[in-house]
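**Q**
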Amino acid sequence: MNSLVPVSDPDVKFDFSDVDFDKSFPSKSTVILSTMCANVAVMGVPGLNAVRVVARGNHSTELDIQTSGSEMKISAPLDYGQSMNTGGNVFISGSGINTINGVLYMNGRAVDTSNPMMMLVMVPVGTSIKVGLVLGVKVVIRGVQGELEAKLQGVTNVEADYLTSADIHVSGTGSFKCQTIEGDSLTVKISGMGNSTVESGKVTTFQAQVSGMGGISFGGEAVNADLSVSGMGSINLFACTGQLKKKKSGMGNISVLKDMSAKSGKSSGFSDW
0 MNSLVPVSDP DVKFDFSDVD FDKSFPSKST VILSTMCANV AVMGVPGLNA
50 VRVVARGNHS TELDIQTSGS EMKISAPLDY GQSMNTGGNV FISGSGINTI
100 NGVLYMNGRA VDTSNPMMML VMVPVGTSIK VGLVLGVKVV IRGVQGELEA
150 KLQGVTNVEA DYLTSADIHV SGTGSFKCQT IEGDSLTVKI SGMGNSTVES
200 GKVTTFQAQV SGMGGISFGG EAVNADLSVS GMGSINLFAC TGQLKKKKSG
250 MGNISVLKDM SAKSGKSSGF SDW
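Going by numbering that gives the first Met the number 0, the sequence shown opens with residue 0, and the numbers climb by one from there.
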């Protein structure tokens, strides 16, 4: 079995020296991180022809891994998720919630937040990744060099190094960061105070929509761009060389540093997510 790929991150200490779950599965073209309370690292491994899942912490032994066609879905029991960058108090109330000897119980089940799950998913290079309801500090994607589709809720942060396309939807205060995207499309939709930053790259189509106070930045080049802001949000694009569409309402801002577009027009809008 291949050795574990080390993961170094400034925000999360990924430590897999002692694990509770370690299994390999036949490779699939798409891996879905469905629902879980965890910090996750997805690492592309050249020459790997399987998907290896390693985990430790809460619910690691209860991981549910299902395959259907070309997809693999990974999920775990989802009781409670909390992420805080600063100190504070959390108050929880409702039916089925009580404490016994200082331990929180939800519907008769003890909730342990002292040992959150940590997961490493090793995949072949080029695998497509989908991120669903992952409640944690961060999802790290490195060396995968494939497509990404993510629906981020709450305060979850996703960071990637290189992607061939991305479809990102952020609600809440979550964030998406990527060093480079080179390929067909980059689509980002933000509602709330979330943000998205792609440092460089070149895509055929760049679609960006902000409603609220969020921000989207693409420091690369788009052939065609469709940009829409409502509220106090902002969209920043380095360059557009083809068709540029802009739509703004409220006090928000749309900035294109190098507008080399052939023509511009009104935004055609977004299809429903």
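Glycine included, each C-beta is placed from N, C-alpha and C at the ideal position.
When you compare only the Cα positions, how much space is there between L298 and V157?
**A** Only positions 0 to 272 of the chain appear in the structure, and residue 298 is not among them; the question remains open.
**Q** Can you tell me where the beta strand (DSSP E) with S190 in it begins and where it stops?
**A** Here the beta strand (DSSP E) through S190 covers 174-191.
**Q** Can you list, in chain order, the residues of its chain whose CB lies under 6 Å from that of D21, leaving out five sequence neighbours each side?
**A** Answer for D21: V53, listed in chain order.
**Q** So is T203 buried or exposed if we call it buried at 16+ other beta carbons inside 10 Å?
**A** T203 should be labelled exposed.
**Q** Counting C-beta neighbours from all protein chains within 10 Å, is the total for T66 16 or more, i.e. buried, or is it exposed?
**A** With fewer than 16 Cβ atoms within 10 Å of its Cβ, T66 is classed as exposed.
**Q** Can you give the beta carbon distance from T240 to E220, rounded, assuming they're within the 8 Å contact cut?
**A** 6 Å between Cβ atoms; contact.
**Q** Could you give the distance in angstroms between the alpha-carbon of S270 and the alpha-carbon of Q208?
**A** Summary for S270: the model assigns pLDDT 35, below 50, so the residue's position carries little reliability; its value from the coordinates is reported in the next sentence. The alpha-carbon atoms of S270 and Q208 are separated by roughly 11 Å.
**Q** Measuring straight from C-alpha to C-alpha, what distance separates A224 and F217?
**A** Cα-Cα distance, rounded: 11 Å.
**Q** Pick helix, strand or coil for G80, following the three-state DSSP scheme.
**A** With a pLDDT of 47 at G80, under the threshold of 50, the modelled position of this residue cannot be trusted; read the value that follows with caution. G80: coil per DSSP, three-state reduction.
**Q** Taking 6 Å as the cut-off, does the CB of G200 come closer than this to any heavy atom belonging to the ligand GTP?
**A** Here there are no bound small molecules, and the ligand GTP is not part of this structure.
**Q** Hey, quick one: how far does the beta strand (DSSP E) through N156 stretch, first residue to last?
**A** 156-162 is the extent of the beta strand (DSSP E) around N156.
**Q** Quick one: grab the DSSP three-state call for T34.
**A** DSSP places T34 in strand when its eight states are reduced to three.
**Q** Which of the three DSSP states, helix, strand or coil, is assigned to T281?
**A** Past the edges of the chain, shown from 0 to 272, lies residue 281, and the structure says nothing about it.
**Q** Mark M121 as exposed unless 16 or more other C-beta atoms lie within 10 angstroms of its C-beta, in which case mark it buried.
**A** So M121 counts as buried.
**Q** Compare the C-beta of K27 against all C-beta atoms of chain D and say whether one is closer than 7 Å.
**A** Absent from the structure: chain D. Only one protein chain is present.
**Q** How big is the Cα-Cα spacing for N252 and G214?
**A** Going by the C-alpha atoms only, they are around 9 Å apart.
**Q** Excluding sequence positions up to five away, which residues of its chain have a Cβ less than 7 Å from the Cβ of S74?
**A** Cβ neighbours of S74 beyond the five flanking positions: S33, T34, M35, D63.
**Q** Check for me: the beta strand (DSSP E) holding N48 runs from which residue to which?
**A** Neither: N48 is in no beta strand (DSSP E) and is coded neither H nor E.
**Q** L134: which of L147, V222, E146, S170 sits nearest, CA to CA?
**A** When only C-alpha atoms are compared, the closest one is S170.
**Q** Going by the DSSP bridge assignment, what does G43 pair with across the sheet?
**A** Looking at the DSSP assignment, G43 forms a beta bridge with V122.
**Q** Along the chain, where does the beta strand (DSSP E) containing V202 start, and where does it finish?
**A** It spans 194-211 - the beta strand (DSSP E) in which V202 sits, taken as one unbroken run.
**Q** Hey, quick one: how far does the beta strand (DSSP E) through D10 stretch, first residue to last?
**A** Careful: D10 lies outside any beta strand (DSSP E) and carries neither H nor E.
**Q** For I128, which residues of its own chain have a beta-carbon under 7 Å away from its beta-carbon, when the five flanking residues on both sides are left out?
**A** Correct list, in chain order: V30, V41, I140, V143, G145, L147.
**Q** Can you tell which of K246, V222, S59 has its C-alpha closest to the C-alpha of S233?
**A** Measuring from the Cα of S233, the nearest candidate turns out to be K246.
**Q** Tell me S216's beta-bridge partners as DSSP assigns them.
**A** Beta-bridge pairing links S216 to T196, N235.
**Q** Using a Cβ-Cβ cut-off of 6 Å (strictly less than) and excluding sequence neighbours within five positions of L3, which residues of its own chain qualify?
**A** If we look at L3 and ignore the five residues flanking it on each side, its Cβ neighbours are F15.
**Q** Would you decide whether G56 is buried or exposed? Buried here means 16 or more other CB atoms lie within 10 Å of its CB.
**A** G56 comes out buried.
**Q** What's the C-alpha gap between V222 and F175?
**A** If I take the Cα positions, the gap works out to 22 Å.
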